[in-house]
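Q:
Protein chains in written order, with this note's numbering: chain X, 667 to 984; chain F, 132 to 430; chain L, 33 to 449.
#1: Per DSSP, residue 62 (chain L) forms a beta bridge with which residues?
#2: What in chain X is Cβ-close to residue 421 (chain F), meaning under 7 angstroms?
#3: Which one of L:71, L:57 and L:80 has the shortest CA to CA distance from residue 404 (chain L)?
#4: Are the beta-carbon atoms of residue 401 (chain F) and residue 790 (chain X) separated by less than 8 angstroms?
#5: Checking the sheet assignment: what are the DSSP bridge partners for residue 172 (chain F)?
#6: By the criterion of Cβ-Cβ separation under 9 angstroms, what are the contact partners of residue 823 (chain X) in chain F?
#7: Using three-state DSSP, classify residue 979 (chain X) as helix, strand or coil.
#8: As a quick exercise: from X:954, X:793 and X:856, pick the residue whose alpha carbon is nearest that of residue 881 (chain X).
#9: Taking all protein chains shown into account, do 16 or more other C-beta atoms lie within 10 angstroms of the C-beta of residue 817 (chain X), making it buried, or fewer, making it exposed?
#10: Please confirm whether residue 115 (chain L) has its beta-carbon closer than 8 angstroms to some beta-carbon of chain X.
#11: Contact criterion: CB-CB distance below 8 angstroms. Does residue 213 (chain L) meet it with respect to chain X?
#12: Could you tell me how far apart the beta carbons of residue 165 (chain F) and residue 173 (chain F) are, in whole angstroms, since I believe they sit closer than 8 angstroms?
#13: Whole-angstrom Cβ separation of residue 327 (chain F) and residue 317 (chain F), contact assumed at under 8 angstroms?
#14: Taking the alpha carbon of residue 226 (chain F) as the point to measure from, which residue in F:213, F:241 and F:212 has its own alpha carbon closest?
#15: For the pair the region 703-721 of chain X and the region 736-744 of chain X, tell me if three or more CB-CB distances fall below 8 angstroms.
#16: Using a threshold of 8 angstroms, state whether the C-beta atoms of residue 280 (chain F) and residue 299 (chain L) are closer than that.
#17: Going by C-alpha to C-alpha distance, which of L:399, L:322 and L:358 sits closest to residue 344 (chain L)?
#18: Taking the continuous beta strand (DSSP E) assigned at residue 420 (chain L), which residues delimit it?
#19: Check each residue of the region 745-770 of chain X: if its Cβ is closer than 7 angstroms to any Cβ of chain F, include it; give the result in chain order.
#20: Just to confirm my understanding: we take residue 360 (chain L), look at its own chain, exclude 5 residues before and 5 after, and list those with CB closer than 7 angstroms. What are they?
#21: In chain order, what residues of the region 242-258 of chain L put their CB closer than 7 angstroms to some CB of chain F?
#22: My guess is that residue 288 (chain L) and residue 262 (chain L) are in contact by the Cβ rule of under 8 angstroms, so how many angstroms apart are they, rounded?
#23: Below 7 angstroms CB to CB, which residues in the same chain sit around residue 445 (chain L) once its five sequence neighbours on both sides are set aside?
#24: Hey, is residue 430 (chain L)'s beta-carbon within less than 8 angstroms of any beta-carbon in chain F?
#25: Shorter than 8 angstroms from the beta carbon of residue 342 (chain L) to some beta carbon of chain A?
#26: Measuring only between beta-carbons, confirm whether residue 947 (chain X) sits less than 8 angstroms from chain F.
#27: So, do the region 161-176 of chain L and the region 384-393 of chain L have three or more beta carbon pairs nearer to each other than 8 angstroms?
#28: Could you check the C-alpha separation between residue 798 (chain X) and residue 819 (chain X) for me, to the nearest Å?
#29: Classify residue 180 (chain L) as buried or exposed, calling it buried when 16 or more other Cβ atoms lie within 10 Å of its own Cβ.
#30: Determine, using beta carbons only, whether residue 249 (chain L) and residue 234 (chain L) come nearer to each other than 8 angstroms.
#31: Three or more C-beta pairs closer than 8 angstroms, one from the region 90-109 of chain L and one from the region 357-372 of chain L: is that the case here?
#32: According to DSSP, simplified to helix, strand and coil, what is residue 144 (chain F)?
#33: Quick one: which chain F residues come within Cβ less than 7 angstroms of residue 944 (chain X)?
#34: Taking buried to mean at least 16 other C-beta atoms within 10 Å of its own C-beta, is residue 399 (chain F) buried or exposed?
#35: Along the region 118-137 of chain L, where does the CB come closer than 9 angstroms to a CB of chain X? Name the residues.
#36: Per the DSSP calculation, residue 164 (chain L) is bridged to which residue(s)?
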């Protein structure tokens, strides 16, 4: 296989893994209005759960040596459980409590990953993580794994689309737009929001598991808050509310991210290069803010019906 | 060691309390969780750094304290500039969003503002930590096994003074009463002729000034760093929620509880788990008493 | 000064002219943190590597070809680093990648890109013990090397230094990452066996709201001094809080804190009693050459770890290609040990020495490279030994005052077992 093609396979695999997290965030934020800023936490839970479940104990590491399929399912269950932990105390309350709690869970997960070497390998990380379909299509340079990831993307996409367009999904949107009205219809808003949070987080967990399987090594450094920022950028630019937008956004943003480093490096004088990371975040962050403020539907997102509850922010739920 | 850990907890708690008061006020009066509050602390500390460097040639110290009148000027300047910054951010970002139908829009905007402001600090002042003076105050024993520095005593005293002052401002002055009325019911406040725009402005001035003072005190006793405010944001929120959103005394109580809990936690846990303490306390309170310790349940 | 620089440049130019005018190019890759939290450090390390490329081409190139190094920034972020490495391997077909710096980035590059592809990964700065484990279980397939010793050696050297300076009770405060955990554990083990007492063993995370709790804990049990492991930045704050809390002003610092900026920020007036260790930088003619060339090219020479190791990584790779008459990953892997070690004809850093090495190789002689950071003896896991320098703060300046040879350190390790 030619070099560029081989890199393309690699690039697509990474972008596709990101896109699963982005699809999960679309359900939470795009459809339900849940402001989850701890995406890296759920991603990390999935990655570690997969690694711990599947790594062979023969490597001298904490590992159960389960089959990879059990690992992928276990990763989704673990991420879902963490979502319950965050959702139950906060989702009955104000919207912004969830935001604070998700930041907290992301920090806490990273602390556990760093400080419990018997469970997570600590700062040295976990290695020898098994990869599904590793031996298949021998010599294809990872095409088999890309196909597996793409199948996962397709399954998550179809499942989420089905949910979004079911009566269940319409209730989510109703809750997002006007919680009082949805509640008065006899639907328990709390329960629906919790379901959305858990299902979305399970997608993030799956994404983390695939990442661990792809790279075959994880350490706490892989799960910094910058990851949350990247997934948000993918969803917002692609079009919050639209699953297709989340997919497109993942491709576009990951391309921008991998290319812009080199561009900034080429364009800036050496003295400023040390700060180019800051410049990159400021530029992309500014773009995100502008999109959120002036084109909340993103590139592919659907126009959201303008609903005005009152001219002054109301205080229900406090 | 417990005595020393308690003392450290009160000192850290006092800093958190100052920041959390500003947070709880904007939370209550403007009705959103302002993630950029941490960056107001950061900017306060850096604004003061400018002033302190400008007076680098002046040698003046108050008694046993590490600083003299240049720091007083720096504190006032930091408070003024930080208030201005807060009003500017409000005008550019939050004001257009206050009419948005999505409650969480303001929260997102504040999160974005926090990110941008933080990296702006990196760009302007660089990523490395800075200090107001290269001299280090060496602590002295005030009780058996408890050592503190004069600056730390000053920090706690100033916090206490500001809290009492704020209490009188909110309960005795016309403006303070108007702020409380707006927090309780913004629509009613508007109907009864309160100038809501003025209230909003003053909320930022009070919140921004307190944040600046907290940032300077933190910078004086720990370090000045682009991430200093962001590292404090979880403790700030936890303090505000623990004490009850909207309650000034609640924020002080919450700040102290978290400062002390973080420090005492090293008796049972490795110190690297400290950042999780604030979060776990917050989750526990939300489960048991969602309105916080001193918060009034709202209708 | 200026005159001599021109003369040396003139020599280089004539050397380049003497070598066959090369029409071919050998391209190697490099992934380093040029931005992000390690950016400031990484920029200088990259300059060290670039200097080697310059010297190699001035000294005759690799197998008569021009050496080219494509440098990518990993933004101190594992996913970006892995992507960059993949780009280098698939698009540029590089046989060798020099990098990365942080172990947390080098490890995923090794497991997911370079080892499966049969590309040599040689890091000038990753000290985590996990690499040795990966090499032992076969994951690296022999394609992994590092020109910096694993943390084990420095821990022993520091324990020995602390003992020789009369420390009996030492408090350890260490950064909670692969570097801090590894080094602190090695020190604790060695120091205890040498008869010392570690009075407290406390880790700290970067970016905490305050370090008073850690410092209070470390100060318990009346230590004689503090062994602080970390990097300038948070390390500065921890040191200041220790001094402020009234801790004894007797310090032991590792390579991560061998920085003039750190000393200035903490305040030299409090750092009168400092003993430090750092790997590499044996006092060889190579170090002199490196320092002079670096100063000539970039204006000043910062006191900072790993720059020499990066230079040496590129030099050994080039020599291995010359010795093996090829430029594939396999050739480099099989020949790196043939141009290092301690036997044969010594060659040093610099363009003229590289040229000299080429003629020795052409004459069929076995050579060994004495780098800017000292000699290298890669074991079967790709790890190398290196001597340690002793440093201190004198008149407010970071100063090297002595060294602990590899033989001494290995002797202590043997005695302790």
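We treat Cβ as the ideally placed atom computed from N, Cα and C, and that holds for glycine. Predicted model only: the values in this text are computed from it and were never measured.
A: Taking the coordinates as given:
#1: BP columns for residue 62 (chain L) point to L:103 and L:130.
#2: For residue 421 (chain F), the residues of chain X that pass the 7 angstroms Cβ criterion are 759, in the order they occur in the chain.
#3: Minimum Cα distance to residue 404 (chain L) is reached at L:80.
#4: Pairing residue 401 (chain F) with residue 790 (chain X) gives a Cβ-Cβ distance that is not under 8 angstroms.
#5: Its beta-bridge partners do not exist; DSSP assigns none.
#6: In chain order: nothing, as chain F lies at least about 25 angstroms away.
#7: At residue 979 (chain X), the pLDDT of 39 sits below 50, so the modelled position is not reliable; the number obtained from the coordinates is stated separately. DSSP places residue 979 (chain X) in coil when its eight states are reduced to three.
#8: Considering only alpha carbons, the answer is X:793.
#9: Answer is exposed; the Cβ neighbour count stays below 16.
#10: Residue 115 (chain L) counts as touching chain X.
#11: Yes, its Cβ sits closer than 8 angstroms to a Cβ of chain X.
#12: Going by Cβ atoms, the distance from residue 165 (chain F) to residue 173 (chain F) rounds to 14 angstroms, so no, they are not a contact pair.
#13: The pair is a contact, with the Cβ atoms about 7 angstroms apart (cut-off 8 angstroms).
#14: Cα-wise, what sits closest to residue 226 (chain F) is F:241.
#15: By the Cβ rule, the region 703-721 of chain X counts as touching the region 736-744 of chain X, because three or more pairs are nearer than 8 angstroms.
#16: Result no, Cβ atoms of residue 280 (chain F) and residue 299 (chain L) do not sit closer than 8 angstroms.
#17: It is L:322.
#18: Residues 420-426.
#19: So the close ones are 755, 756, 759, 761, 762, 763, 765, 766, 767, 769 and 770.
#20: So the qualifying residues of the chain are 127.
#21: Within the region 242-258 of chain L, the residues whose Cβ lies closer than 7 angstroms to some Cβ of chain F are 242, 244, 245, 246, 248, 249 and 252, listed in chain order.
#22: Cβ-Cβ separation between residue 288 (chain L) and residue 262 (chain L): approximately 6 angstroms, consistent with a contact (criterion under 8 angstroms).
#23: Scanning its chain for C-beta atoms nearer than 7 angstroms, with the 5 sequence neighbours on each side dropped, one finds around residue 445 (chain L) the residues 188, in chain order.
#24: Interface criterion not met: the Cβ of residue 430 (chain L) is under 8 angstroms from no Cβ in chain F.
#25: Among the chains of the structure shown, chain A does not appear; the protein chains present are X, F and L.
#26: Flagged as an interface residue toward chain F: residue 947 (chain X), by a C-beta distance shorter than 8 angstroms.
#27: No, they do not touch.
#28: If you draw a straight line from the Cα of residue 798 (chain X) to the Cα of residue 819 (chain X), it is about 15 angstroms long.
#29: Buried, by the Cβ-count rule.
#30: Contact: yes.
#31: Flag = yes, the region 90-109 of chain L and the region 357-372 of chain L touch.
#32: Helix, per DSSP.
#33: Chain F residues near residue 944 (chain X): 250, 253 and 254.
#34: So residue 399 (chain F) ends up on the exposed side.
#35: Only those residues of the region 118-137 of chain L whose C-beta falls short of 9 angstroms from the nearest C-beta of chain X are listed: 118, 119, 121, 122, 123, 124, 125, 134, 135, 136 and 137.
#36: Looking at the DSSP assignment, residue 164 (chain L) forms no beta bridge with any residue, so it has no partner.
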